[in-house]
Every structure is written in C-alpha cells, then in structure tokens.
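Here's the structure, in structure tokens; my notes come after.
Number of protein chains: 2
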Amino acid sequence: MTTRTASWLPLSPGERAVALEVLVHGPLSRSEIARRLSLSAGSLTRLTKPLLESGLLVEVPEGAPLAEVRQGRPSQPLDIVAESRSFVGFKITEDMVYGVVTTLRSEIVTRYDRPLATHDPHRVADQLGEMTAELARAYPGLAGIGIGVGGLVQDRAVVGESAFLSWRDVRLAELVEERTGLPVVVENDVSALVEAETWFGAGRGLDRFAVLTIGAGIGYGLVLGGKRVPCAEEDRGFGRHWIVNPNGPLTPDGARGSAVSLLTIPSIRYQIRAATGRDMTYEEILARSAEGEPMPARVIDEAARALGALVAQISNFVIPQKILLAGEGVGLMDVAGEVVWETIHAHRHPLADPVHLETKVSDFHDWARGAAVLAIQVLVLGNGAGVNAE
Amino acid sequence: MTTRTASWLPLSPGERAVALEVLVHGPLSRSEIARRLSLSAGSLTRLTKPLLESGLLVEVPEGAPLAEVRQGRPSQPLDIVAESRSFVGFKITEDMVYGVVTTLRSEIVTRYDRPLATHDPHRVADQLGEMTAELARAYPGLAGIGIGVGGLVQDRAVVGESAFLSWRDVRLAELVEERTGLPVVVENDVSALVEAETWFGAGRGLDRFAVLTIGAGIGYGLVLGGKRVPCAEEDRGFGRHWIVNPNGPLTPDGARGSAVSLLTIPSIRYQIRAATGRDMTYEEILARSAEGEPMPARVIDEAARALGALVAQISNFVIPQKILLAGEGVGLMDVAGEVVWETIHAHRHPLADPVHLETKVSDFHDWARGAAVLAIQVLVLGNGAGVNAE
DNA sequence: CCACTTACTTTTGGGGCGGAATAATTGTGG
DNA sequence: CCACAATTATTCCGCCCCAAAAGTAAGTGG
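Protein sequences, first through last, are from chains H and F.
Counting with numbering that gives the first Met the number 0, you get residues 0 to 389 for the letters of the first sequence.
Counting with numbering that gives the first Met the number 0, you get residues 0 to 389 for the letters of the second sequence.
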C-alpha cells in the first residue's frame, strides 16, 4: 500500500496502457485486457505484477454477476483503487466558482461552490486556494487540480483571453500551484468536457466522436482516434458563423441565421423578448412551447430544425460513431426531439448509418468534473507534455 | 536484382514502413527516414540493407539540386525503383472502359481506352482481360490490376450493386483474375480516388483530409489518421440529402436544394434546360455565366454558394488539414471561385484556421489511376486483408 | 594538412513481446 | 469420487528489434 503522490511516471508504456484500460473500462480480467490490447497472456502477468505491487491495481473479489455458466479457472478481475487518489475540479463562471472532488474514475464525491466576488486574478487564485484547502481537510489524498474557464487557454496553464473575466495572459496554473502545492491544469471548459466524455463518458473507447453543447453559447469538440482535435477558434465561441438558415433570425450575437442566433439560450430569450416584449426564462419558453403557445412554439421549432441540421451535417461529414449533445440547453430535445429527428432524417441519406445521438443534461458541476478529468489525465499520462501535441 | 512477382509480404513491419515512406515521399536519405519514422540511425542501416539487396530500393546518384551549402558527409538518398513493377487501372463507365498503366509511384505510363459494347459481366471481364493482355505485351512486369466502378463494391472484389451497369453481386475480381492470372482489386470509384490522393496526391502524409468531388454526382471521402473512413452510403450517391439551401431548385435527382440538385453537372444542365428550353453543355454554361448571361450566371452563382457552404461545413466540423476538390465539375472554381471563397468565409469564424482547399481537374484516367493505386496498396501492404478493416 | 561536421555502419546490450510448458481452479461425465 | 476438459494465470526461454555508443567515410574550411 504505497501512497506515491507523484504520478504514474515510472510506468513503462505497456504498464501505462494496462492501467489506462482498467481505469477507463472498469474491472477487467487479465485475459480480457490481453484481448483488448492484443498482448499475450504472458505479457499481462509481467505488466500487471508491478502495478499490483505498487497498489495501483487490486484483484477484486469477482462480484458474482458475471459468473455465467463458465467452466475453467475463474478469472481474477483487476481494478483500479479509484478512491486512492482524489482530484479537484473547478469551473469558473462570471459570478460563481463551482467545485467538485472526484475519484480517479472521475466520480463526483463532493460538490462545493462559492460565489466569486472579484475578478482580480490573484484574489481569484486566493479563493481557489482556500477552497482547495477546505476540501483537502476532508480529502487528504488530493493529487491534482483542474480548472475550466470559458475563453482562450494556452499550454493548459495560461488564460490567454477571457472576456467575461476581463483577463488577458493570466498565468492561472502558476498562481494556484503556488497556493496549493498541487499540480494544476487549466483548460477551456468545452475542451475539458470533451476530454472527460472521451475518457469516462459517452465517448469511451470510440474512434470518432463529436460533442455539441448548447447553452449560453455553442460548443463543439471532435475526437478522432481517441484524441481531441485542437481547433483554432475553439476558445472564441463556436457557431457564430455556422449559417444554418440564411433567413433565420438576427440576434445580438452571431450572424443572421447562425447556430448561435438560433440555438443558444440568450438568443432564444432575445427572440421571445423582441417579439412579445416579455422576458421569459429558457425553461418557461420550453414549457409554453410544449403547451402550444404560438410564439415560443415557432422559435423552438426553428431551433429544433437548426439543431437537426447541425447534427445531420456532423453525421454526414464526420461520420462519427456517436454524437453527444450536452449543455444547459438540451431541454430542447425533450420538448422538440421529434422535430430534431425529422430534420436529421431529412438531411441524411436513407441508406446511411443511423445517427447515434446521446443527450446529456449538464449542470456546472459537470463542467467542473470535466476539469478534474484533465488533472487525472496529467497524473496518468505523465505531466501534460504532449497531451495536446498535434 | 531479384524480380519477385509475388508481393512485399516477407518484409518485417519495420522494413515495410521504410519502403512505404520512400514509396510515398520520394527519394529520402537514411537519416531523413530515421527522422520521419523516429528510428535510430542504426536501425535504418539494418532495415535498408535487405531492401537494397532485394533490389526494391536503390541508392540514387543524388541529383545535385538538393545539395545546398551543407557540409559533412553527403547523404545517400534511397529510392524505390518505381518502374520495376507496373500496374493496370481501369475505370468502367456506362459506355467506355478507361485504362492506364502506372508505375509503383502511380505515375501514368500509358493510357488505353476502349468502348464498352456490352454490360454482360462475363463479356466485360473478357474485354478487361483482352485489354490487359495487350498492355502486358508492352509492360511485361504487370503486378496487379485495380478496377474502379461506380456503385456498391464489397470486400474489394464483388460489385454488389451498380445501377448504370445493371449489375448485382457480380464477382468481378474473380472473373478478371481467371482471365489474367493477376491479382485484381475492385473498388468503388470514389473510394479509389480518395485512396490514391491519400497515398500519392494531395492528402499525402496528412492526418485529416477530405475529398469532395463534383461531376455526374457528388462524391465525398474522409481520411483520418491516414486511413479512409468507410461510410455506409458512399456507394449509393452522396449529397442527395445534403440540404444546402432549402429554397433551392428542385431537380430530378436529389431533394430540393440538395448538393446534388445544386452542384452536379446533370442538375445544372437540367436547371438551364428547364428555364431556357435550351440544352447546353456544362462548359457552355460556365462560359456564358462568365460572360454575364443572366440565367447561367444565376445558376452558377447559386452552385458556387452551395459549394462554399459545403466546404465551410466540412472545414467547421471535420477540421481537416486540406480539402481536395476534384471531379469533372471543378471548372466551377475557375468561373466562380470568388463567390465560393466569399461564401466559405461567411460561414467560418474569422479567427478559424484558413481553409486549405486544393482543386484538381480530373478526367476519367485519374479515376483509372485511382484504381491502379489500390493494386499498388495490395502489393505493398500484403494481400488486401485488413486494409478496410474498421 | 588538420580540425570539424554530417552521414552511415557495426557492435553491443537490454527491454519487451510471443510462445510453450506448467500450475491453478472449476465444471462435466462416467 | 476420479479422470478429463476448459479456462485463467504464471514461469521461463528465445527472439526481435531498438537505442546507444563507438567507429568509419566523405566532404568543407582554415
């Protein structure tokens, strides 16, 4: 039961691959791992031995459920001790810091939020440090911190530009490391969510996987070959120029008929406000649309068609195995899912593979969890170097 | 100077990687190959020695041009003897068979076309056999045959369905192999072109690469991580349901405002015919549009906008390093390239990476060359197995 | 002619993998 | 109750392939 706080760095590539496979795909027997990684049974014994000795993996007592009617020597599933390390994830918004503590498997153990009183970088770092200190009392085994911020983030460490915080070139990772002594990763929030879903969520084990988020803005992430594809505009707001319907509405953000104008929560609220003079919440608009009130129904219908067109375009051109729809705005699917699907089908070849669309409601703690996953990645893969190398 | 007609099969993976690198990226010195494949200099000596001995590679006398002002021992570039093997590629259309002979590097050495008098599978195979026999007289070192067909092709051997030939489940590879004694690969024509461009053309060495063809129909191919992504509808006509402009024209093929209706040569000619009652060739329409004649100009303008929107969508969602535009219809770019680019920019984030769009005029011999590349791949990679494995 | 640079070759040592033989552990069938 | 089959894991050995280091080759510049 060694408790190395450092990292998994002294692992050989083979060992790391085994650890990663077990971490991401749950308890697995040695022979199962051998099949997945196309290694021989002998290699597996060799690779797992040091991992078991170091306490990173354990043999689990084989929960009977997968017993079946198999004969032969029973397999001995291996598992990661997910609770052996804890990670902190923060999501910074304009007026709040949302925090979570997760296990190695990115399961949320605790939530802890606090209002953000100031935007001064040092004061924000102070607050993150204090929150971490308080969390550390309950979870002494903290191994790293991930921070998600909307905006442009460089080298997983520096906030190059963030409009809502009025930050430019803030070395946030450094500031928080100084205060906590823990390794810190900073990343754009959408990128973090995509990484999290790739490792532990809907994109687990997939080769081609796309994430579309709708909420205050549009987010998009593409994962190919298990790696997220970096994109120049990813930190500056997707969808402002994705013209879905040239005759669509004009809103303060985004070009006429763009995904932003048609789909984001602020734009939808703006459209209702402009048309009716009344200010409604997004939920209210959805509810009234479901009840058939004409104006909300028209706006929501248009949004659903736009969403369907986007999903179809992604399906047609990226040919992903799965598309994940996430964010605060996915309630749209509950109210207008049928219209979305109709539009998808209208934009797809009838013989094309069916679109595998998964919807996931996300609150701010999911964004924070995404940030925590980055800290996990850094620990598991060795210090961040080369993670987002092209 | 051994002349093994078989294949490169007895090569180790390392040797094959070296051979492939030299084949695809031209003459390279050992140290350059070492850098590209991240191998040590020592490994390269080891790997290249058997390749040189077997005559697959040769040391070229270093054509002075790349001399530069370098000091040190001059490098000794290695090259494939591209002429050591020849390959035949056929493209079958409704009334013609286009044939080419290429080198190992897929350079076209000879063209040889013949009208296709019948669609009977055995007679077609007879004709392909005869054409191959005639070509074999001039090029005795034929090592394989590739055949490109529009339609659904299974296992690189069987034409599952081809509308214009009225074929169903024709085991074309088998039929031609019987007549020629050479290994035969059959593939959908668009797929073949994409493979060819990936190995020897615009997509060489790229990680993410998309091909869009416009001509009698729309073609699309995606290459990720150097491998073409298979797609369920690829053999049944892309673009019939890619709705680019919901208010666009309605044509016999494709849904209203679809890429097919807006962009394919038959649809453009149909639009002009429907509007003016006159039948014009595609070239004529392009010419008159350039001269400002209103009706052709309108149709071409609309087509250009559609093309721009498609390219932008691909850029936005796939984030490719390059998009290749090919086919018989790319003359559109010459006449209306500006409109296309305007539309692309209107659909892209201003801070996004610039779109790298390459245009390539293709005639039927390019399609045949694409088919020949498949034969090259089979020889180089070992008999086709696993090439299109998911 | 000698230092210096770069390219290639040879040799050596070691890591890691596959494969065969063995042990462990259970179910099956007489 | 005991072989026997089936399956998983372990041990051991040999091979392959690679990196590192040291040596050789071939040129440039003072």
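Just so you know, even glycine gets a beta-carbon here, dropped at the ideal spot from N, CA and C.
Judged by beta-carbon spacing, Ile79/F lies within the 8 Å limit of Leu22/F, meaning their Cβ atoms are closer than that value. Between Val259/F and Arg239/F, the C-beta gap is smaller than 8 Å, which places the two residues in contact. Note on geometry: alpha-carbon atoms of Pro319/H and Pro49/F lie some 42 Å from one another.
Looking at the DSSP output, Ile107/H bridges to Thr101/H.
Measuring C-alpha to C-alpha distances from Asp112/H to each of Asp365/H, Ile375/H and Leu378/H identifies Asp365/H as the nearest.
Closer than 8 Å to the CB of Glu290/H there is not a single CB belonging to chain F. Arg207/H is classed as buried because its beta carbon has at least 16 other beta carbons within 10 Å across all chains shown. CA-CA distance, Asp252/F to Leu192/H, rounds to 41 Å.
With contacts defined as CB atoms closer than 8 Å, Val189/H and Val152/H fail to qualify as a contacting pair. Excluding the 5 residues flanking it on each side, Glu106/H has same chain C-beta neighbours closer than 8 Å at Ala81, in chain order. Beta-bridge annotation (DSSP): Asp252/H is not paired with any residue.
Contact of His240/H with chain F by beta-carbon distance below 9 Å involves Ala311, Asn315, His344, Ala345, His346, Arg347, His348, Pro349 and Ala351. Distance from the CA of Gly159/F to the CA of Ser83/H, rounded to the nearest whole angstrom, comes to 55 Å. When C-beta distances to chain H are compared with 7 Å, the residues of the region 214-233 of chain F below that value are Leu221, Leu223, Gly224, Val228, Cys230, Ala231 and Glu232, in chain order.
Counting the other Cβ atoms within 10 Å of the Cβ of Glu282/F gives fewer than 16, which makes it exposed. Cβ neighbours of His355/H within its own chain (closer than 6 Å, five residues either side excluded): Lys321. A Cβ-Cβ contact shorter than 8 Å links Ile144/F with Thr179/F. Within chain H, not a single residue places a beta-carbon under 9 Å from that of Ile91/F; the smallest gap is close to 22 Å. Here Pro114/H carries a strand assignment [DSSP, helix/strand/coil]. At a C-beta separation below 8 Å, Arg207/H has these neighbours in chain F: Leu223 and Val228. Only those residues of the region 93-122 of chain H whose C-beta falls short of 7 Å from the nearest C-beta of chain F would be listed, and there are none.
Distances from the CA of Gln75/H to each of Val87/H, Phe86/H, His348/H and Glu58/H were compared; the closest alpha carbon is that of Glu58/H.
Annotation: the continuous alpha helix (DSSP H) that includes Tyr269/F extends over Ile264 to Thr275.
Between the region 165-172 of chain F and the region 120-136 of chain F, the count of Cβ pairs shorter than 8 Å is three or higher; the stretches touch.
When DSSP reads this structure, Ile32/H sits in no beta bridge, so it has no partner. Beta-bridge partners of Thr280/F (DSSP): none assigned. Taking 4 residues as the minimum length, the alpha helix (DSSP H) runs contained wholly in the region 155-230 of chain F are 171-179 and 188-199, in order along the chain.
Distance between Ala302/H and Leu261/H, taken at the CA atoms: about 5 Å. Proximity to Ala172/H across Leu46/H, Ala351/H and Val157/H peaks at Val157/H, based on C-alpha coordinates. Inclusion of Val96/F and Phe86/F in the CB contact set at 8 Å is not warranted, their separation being larger than that value.
Interface annotation, Arg235/H: in contact with chain F, CB-CB separation under 8 Å. Secondary structure at Ser257/H: strand, using DSSP grouped into helix, strand and coil.
Cα atoms of Pro245/H and Val183/F: separation of roughly 48 Å, rounded to the nearest angstrom. Taking the Cα of Leu211/H as reference, the smallest distance to any Cα among Gly41/H, Leu55/H and Thr358/H is reached at Thr358/H. One finds Leu221, Val228 and Cys230 in chain F with Cβ atoms closer than 7 Å to the Cβ of Ile318/H, taken in chain order. Taking Gly326/F as the centre and dropping the five residues before and after it, the same chain places the C-beta of Thr212, Ile213, Gly214 and Ser361 closer than 6 Å to its C-beta, in chain order.
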